[in-house]
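> Residue numbers (the UniProt record's numbering): 1 to 624.
The beta-carbon is built from N, C-alpha and C at its ideal position, and this holds for glycine as well.
Just passing along the structure, written as structure tokens.
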């Protein structure tokens, strides 16, 4: 493995950045629950697993039923289209038995989800298994059904054997279709009339659009994990290659998007009906002339041949000249239990945004934040939390889950769990940690007259090298907790009209182990700041046309990290890494997880005095 402090040139502080030097997943952070007896002290207590306040052990769900499977059950939608679902329900001869329904509605194909039955005891950890398949995420029906639930997994219109035109993101996640399925499920003879939903990614997106569009009363609650790009106020402007790679099955062992089991014409890109022919050509030509696209033939090809992937074509157009988007999360009022892992950029901002903006009443919403990295696949972890949630909302069992504080956090560093009552934490003490000439990082403000440090970054096509500058604290003498939103205020000049700012926070252990905590991103041309919407640690950049940087001019950049929670133990150090590329030759890069590389050599001058991290410090006295 390359050494993280490889020097680029003698006398230079610029180093080579190797993603694989940093640990992304926390060893031993297994998804194990801890049952907490009723009446226990919960405030400031650390738990070895995610805590569950148990009012009465007899109220906790236990496997009681065998499983009955009904394949390809037809569901007729309001416009006459028939789609098909697989119904997994308790096997009982009692015709009067009725059960709540858990609906998993997403794009990944209901028939493929059957694999959970023979793979659930063989979890594939992220980055540790060549067979991690992110599409295996409809949930574990073998867990829910024996505990008295119907688990319904549906193929949306235009997928599998379901009728309808070729599927698009819009058609798959149509609120009207999802509402029709909810009402259908509530009326079935085996249903008690109450429906909940579950699942990450596409299955999250279905819950979001269903809950934000005047949902039917039969939808009693949602339990979404890992919200994708649907709604968040962090626009950083860099194209995330992971979107493309998920669609084409390049992310880990991901499947590609399932297509209809019959011949259908692909839909035209939405942009072809949205823009005039002249305007569309102008926008496409602009993208094709951009050096990041011109010298990257995979992306160039995707714009030259729109039918290769209409979704990619539309996404690229909206990325290069973004426009304001509505925020449907403000329309969510149903009870919700959100889940998200630390450090997953595709999901972290969206989940915390919905937590803040949804109108679900206090006392009817919960949040659980898992250890760093994607959860194993098949998606079978934390299902006891899901069942406890729906035992309350769909069966009326007062089992204690709603008496818990609303938030469960996995606290890195301690590698333990803790309850919290709000986000960000009300006891936060915001602290500035300044970048120091020579690579230090501390609360002492340096002189603005200090000589700037230079980060020369080659064009991505020249070599596989990623250059970086590092700024590191002295070893901490006592524990220091950072929990909440984090941002970097950076004063810098560049010699081009644009660059990508990519920044990392790392916990460096005394033995040299490097644990990545969070990352932040900002394309320089999208540096404009929405002062009114921005909050401490959460700068908001409006979705607007890019504004080229004046070469050589010192600019202020507000770079937003994903939220995080970490206790730096004595002897540990906090490091900030500043770069403008992802390491596409790393394991993450080979899994398709990287930002679109910069194909222009850029010289970055980092200025001091007003370049600092804005850190949410949690006072030590409140940690225990």
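Could you tell me which residues DSSP pairs with residue 33 in its beta bridges?
Residue mapping note: residue 33 aligns to position 33 of the chain shown, counting from 1. DSSP, once it has assigned bridges, lists 50 as partnering residue 33.
> Given a cut-off of 8 Å, decide if residue 26 and residue 371 are closer than it, judged by their beta-carbon atoms.
Working through the chain shown from its first residue, we reach residue 371 at position 371. Working through the chain shown from its first residue, we reach residue 26 at position 26. Going by C-beta atoms, residue 371 is nearer than 8 Å to residue 26.
> Taking the beta carbon of residue 305 as the centre, do at least 16 other beta carbons fall within 10 Å, making it buried, or is it exposed?
Translated into positions along the chain shown, residue 305 becomes position 305. It is exposed - the Cβ of residue 305 has fewer than 16 other Cβ atoms within 10 Å.
> DSSP state of residue 440, grouped into three classes?
Within the chain shown, residue 440 is the residue found at index 440, counting from 1. Three-state DSSP puts residue 440 in a strand.
> Got a sec? Which residues, its chain only, sit under 6 Å from residue 167 by beta carbon, not counting five neighbours each side?
Along the chain shown, one-based indexing puts residue 167 at 167. Cβ neighbours of residue 167 beyond the five flanking positions: 158 and 159.
> Alpha helix (DSSP H) containing residue 178: first to last residue?
For the purposes of this step, residue 178 is taken as residue 178 along the chain shown, with counting starting at 1. Run containing residue 178: 175 to 187, per the alpha helix (DSSP H) assignment.
> Going by CA-CA distance only, name the one from 597, 615, 592 and 604 that's closest to residue 253.
Walking along the chain shown from the start, residue 253 turns up at place 253. Residue 253 has its Cα closest to that of 592, out of 597, 615, 592 and 604.
> What is the residue span of the beta strand (DSSP E) that residue 603 lies within?
As a working note, residue 603 is residue 603 in the chain shown. Run containing residue 603: 602 to 618, per the beta strand (DSSP E) assignment.
> Could you give the DSSP three-state label for residue 122: helix, strand or coil?
Position 122 of the chain shown holds residue 122. Looking at residue 122 - three-state DSSP - the assignment turns out to be coil, as it is neither helix nor strand.
> Does the beta-carbon of residue 281 have 16 or more other beta-carbons within 10 angstroms, so that it is buried, or is it exposed?
As a position in the chain shown, residue 281 is number 281, starting the count at 1. Residue 281 should be labelled exposed.
> Hey, which unbroken runs of the beta strand (DSSP E) at 3 residues or more fall wholly within the stretch 530 to 604?
Qualifying beta strand (DSSP E) stretches, in chain order: 555 to 561, 564 to 568 and 573 to 579.
> Apart from the five residues just before and just after residue 75, which ones in its own chain have a Cβ nearer than 8 Å to its Cβ?
Here residue 75 is taken as the residue at index 75 of the chain shown, counted from 1. Counting only Cβ-Cβ distances below 8 Å, and skipping sequence neighbours, we find 82, 83, 84, 85, 154, 180, 181 and 184.
> Residue 510: beta carbon under 7 Å from a heavy atom of the ligand NAD?
You won't find the ligand NAD in this model; it holds no ligand whatsoever.
> Would you say the stretch 22 to 41 touches the stretch 487 to 497, given that touching needs at least three Cβ pairs under 8 Å?
No, they do not touch.
> Under 7 Å Cβ to Cβ from residue 204, same chain only, skipping five residues before and after it: list those, please.
The residue labelled residue 204 in the question sits at position 204 within the chain shown. The answer, listed in chain order, is 224, 225, 226, 227 and 228.
> Would you decide whether residue 590 is buried or exposed? Buried here means 16 or more other CB atoms lie within 10 Å of its CB.
On the chain shown, position 590 is the one that residue 590 refers to. By the neighbour-count rule (16 or more Cβ atoms within 10 Å), residue 590 is not buried but exposed.
> Is the stretch 602 to 620 close to the stretch 442 to 458, with three or more CB pairs under 8 Å?
In short, these stretches touch, since the Cβ pair count reaches three.
> When DSSP labels each residue in this structure, what does residue 319 get in the three-state scheme?
Translated into the one-based positions of the chain shown, residue 319 becomes position 319. Reduced to three states, the DSSP call for residue 319 is helix.
> Can you tell me whether residue 288 is helix, strand or coil according to DSSP?
The residue given as residue 288 occupies position 288 in the chain shown. In this structure, residue 288 counts as helix in the three-state DSSP scheme.
> Just how far apart, CA to CA, sit residue 373 and residue 268?
Within the chain shown, residue 373 is the residue found at index 373, counting from 1. Within the chain shown, residue 268 is the residue found at index 268, counting from 1. When rounded, the distance between both Cα atoms is 35 Å.
> Please classify residue 424: is it buried, with 16 or more other beta-carbons within 10 angstroms of its beta-carbon, or exposed?
Taking the chain shown and counting its residues from 1, one reaches residue 424 at position 424. Result: buried.
> State the CB to CB distance for the pair residue 213 and residue 175, rounded to an integer number of angstroms; the pair is presumed to be in contact (CB under 8 Å).
Reading the chain shown from its first residue, position 213 is the one you call residue 213. Reading the chain shown from its first residue, position 175 is the one you call residue 175. Going by Cβ atoms, the distance from residue 213 to residue 175 rounds to 4 Å, so yes, they are a contact pair.
> Tell me the rounded alpha-carbon separation between residue 596 and residue 247.
Walking along the chain shown from the start, residue 596 turns up at place 596. Walking along the chain shown from the start, residue 247 turns up at place 247. Spanning the two alpha carbons is a distance of roughly 16 Å.
> Considering Cα atoms alone, identify which of 219, 162 and 563 is closest to residue 77.
Counting from 1 along the chain shown, the entry for residue 77 is found at position 77. Comparing Cα positions, the closest option is 162.
> Quickly, what does DSSP pair residue 456 with across the bridge? List them, please.
As a position in the chain shown, residue 456 is number 456, starting the count at 1. The partner list for residue 456 (beta bridge, DSSP) reads 603.
> What runs of the alpha helix (DSSP H), each 4 residues or longer, lie entirely inside the stretch 129 to 169?
Counting only runs of 4 or more, we get 141 to 144.
> Can you look up residue 272 in the DSSP assignment and give me helix, strand or coil?
Counted from its first residue, the chain shown places residue 272 at position 272. Residue 272 falls in the helix class under three-state DSSP.
> Smallest Cα separation from residue 338: which of 123, 548 and 199?
In the chain shown, residue 338 corresponds to position 338, counting from 1. When only C-alpha atoms are compared, the closest one is 199.
> Drop a sphere of 10 angstroms on the beta-carbon of residue 274, count the other beta-carbons inside from all chains shown, and report buried for 16 or more, exposed for fewer.
Within the chain shown, the letter at position 274 stands for residue 274. Burial call: exposed.
> In three-state terms, what does DSSP make of residue 359?
Position 359 of the chain shown, counted from the start, is the residue given in the question as residue 359. The answer is coil: DSSP assigns residue 359 none of H, G, I, E or B.
> Figure out for me which residue from 433, 165, 283 and 67 has the closest Cα to the Cα of residue 149.
Residue numbering aside, residue 149 sits at position 149 when the chain shown is read from its first letter. It is 67.
> Let me check understanding here. Comparing Cα to Cα, which of 392, 192 and 461 lies closest to residue 297?
Indexing the chain shown from 1 puts residue 297 at position 297. Nearest option by C-alpha distance: 461.
> In terms of alpha-carbon separation, which member of 134, 156 and 98 lies closest to residue 194?
In the chain shown, counting from the first residue as 1, residue 194 sits at position 194. When each option's Cα is compared against that of residue 194, the closest is 98.
> Curious, which full-length beta strand (DSSP E) runs of at least 3 residues does the stretch 379 to 430 contain?
Qualifying beta strand (DSSP E) stretches, in chain order: 407 to 411 and 416 to 420.
> When you compare only the Cα positions, how much space is there between residue 187 and residue 349?
For the purposes of this step, residue 187 is taken as residue 187 along the chain shown, with counting starting at 1. For the purposes of this step, residue 349 is taken as residue 349 along the chain shown, with counting starting at 1. So the two alpha carbons sit approximately 36 Å from each other.
> Name the residue from 375, 380, 389 and 377 whose alpha carbon lies nearest to the alpha carbon of residue 363.
As a working note, residue 363 is residue 363 in the chain shown. Answer by Cα proximity: 389.
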